[in-house]
Amino acid sequence: MRLATWNVNSIRARVDRIVDFAVREHIDVLAMQEIKCKVDQFPFDRFEEAGFHVEAHGFSQWNGVAIASREPVTDVRTAFPGMPGFEKGHTGTDAPLEARALGATVGGVEVWSLYVPNGRSLGDPHFFYKLEWLEALREYVSGTLASQPDLPLALVGDFNIAPTDADNGDPAVVQGFSTHVSPPEREAFAALESAGLHDVVRPLVPSGYTYWDYKQLRFPRNQGMRIDFILGSHAVADAVAGAAIHRDERKGEAPSDHVPVVVDLDFDDADDDDRPMIF
DNA sequence: ATGCCTCACGAGGTGAGA
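Quick note on this note's numbering: the first sequence kicks off at 5 and runs consecutively.
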């Protein structure tokens, strides 16, 4: 299975480019973030013509997540248990939920397309929302892997955290002043790893960014950040056969400010085993 | 050219992004 994640920054603004990529790169499952539309505005036809089924989750022009898959998906969920909401500075499980998580099972893998809250600025109510959201996610992962330690679980998406100093090349993002690089955010990311998730791309692609701001020549100057990740449980990590960050997708006409991150998973099951069995 | 920000909403700026 070839699994990809991409913050597309509006599906309607660049659906051709996204479907072309998925077809050209033989993507089986594409998790998208920031589709920036309601479900009834999603261009399902464009994906279906290319052989994909799509699950989409969006309430408005903000946020929005989707999963396109060549095979049918099951167990679709539009939030993980305990996910907090946000409204006018108020956060918690009693606040309205935003469209930031979509879970589905495909090919035996529980995949979540995640758009972690931005945080806006240190000390902003949105910043505390971000930390609460990440803590609820960690609790879900801990509980799930405690009861099903061998579950192939993949958390993919825009985590809005640069986990190490090497993951931030944007001079406007400064330690002590900016979101994405603050100690509590990095601790929240590390806590996901402590809960049993592994960054399955970094071992194969040790450097490189996944996002460059549109402003001030950030891409030509390569002043980006690595904030988009594919995190997998041990069953996923053990199946990794390849990985790539498609930097070229930041070039050309009307790109997203993020690029796709891709991983090849080989579970060696009967589905993709067309070799003769020799005993 | 990879080039000084883009998108949605809606009809003038505003909010959000990271």
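Just so you know, even glycine gets a beta-carbon here, dropped at the ideal spot from N, CA and C.
Treat the numbers as computed from the prediction; the structure is a model and nothing was measured.
For the 9 angstroms CB-CB criterion, Asp272 and Ala243 form a contact. Bridge partners of Met36 according to DSSP: Trp10, Ala70. Around the Cβ of Leu159, a 10 Å sphere holds 16 or more other Cβ atoms; the residue is buried.
Assignment of Arg222 by DSSP, reduced to helix, strand and coil, places it in the coil class.
The DSSP-derived three-state label of Ile165 is coil. One thing to note: Val77 has its Cβ no nearer than 9 angstroms to the Cβ of Glu52.
In the same chain as Glu253, and ignoring 5 residues on each side of it, the C-beta atoms closer than 7 angstroms to its own belong to Phe25, Pro259, Val263, Pro264, in chain order.
Of the residues Glu102, Thr97, Phe56, Asn226, the one whose Cα lies closest to the Cα of Gly173 is Asn226. Here the C-alpha atom of Phe131 lies approximately 11 angstroms from the C-alpha atom of Ser182. Thr9 and Val185 have their alpha carbons spaced roughly 21 angstroms apart. Inclusion of Glu102 and Gly89 in the CB contact set at 9 angstroms is warranted, their separation being smaller than that value. Gln65 counts as exposed, since fewer than 16 other C-beta atoms from the protein chains shown sit within 10 angstroms of its C-beta.
With respect to the 9 angstroms criterion, Ala239 and Val204 are not classified as neighbours on the basis of their beta carbons. Minimum Cα-Cα distance from Glu29 among the listed residues Ile249, Ser125, Gly127, Ser151 corresponds to Ile249.
Taking the Cα positions, Val115 is about 14 angstroms away from Asp268.
Residue range 113-119 is occupied by the beta strand (DSSP E) that includes Tyr119, with no alpha helix (DSSP H) assigned at that position. As DSSP reads the structure, Ala108 sits in a beta bridge with Val115. Rounded to whole angstroms, His94 and Pro100 show a C-alpha spacing of 9 angstroms. The alpha-carbon of Gly112 is positioned some 40 angstroms away from that of Pro224. Note on geometry: alpha-carbon atoms of Val69 and Glu38 lie some 6 angstroms from one another. The Cβ-Cβ distance between Leu157 and Leu208 does not fall below 9 angstroms. For Asp79, no alpha helix (DSSP H) run applies; the uninterrupted beta strand (DSSP E) run containing it begins and ends at 78-81, by DSSP. By the CB criterion at 9 angstroms, Cys41 and Arg16 fall inside the cutoff. Collapsing the DSSP output to three states places Val240 in a helix. Closest in C-alpha terms to Asp169, from the list Val80, Arg222, Gly228, comes Gly228.
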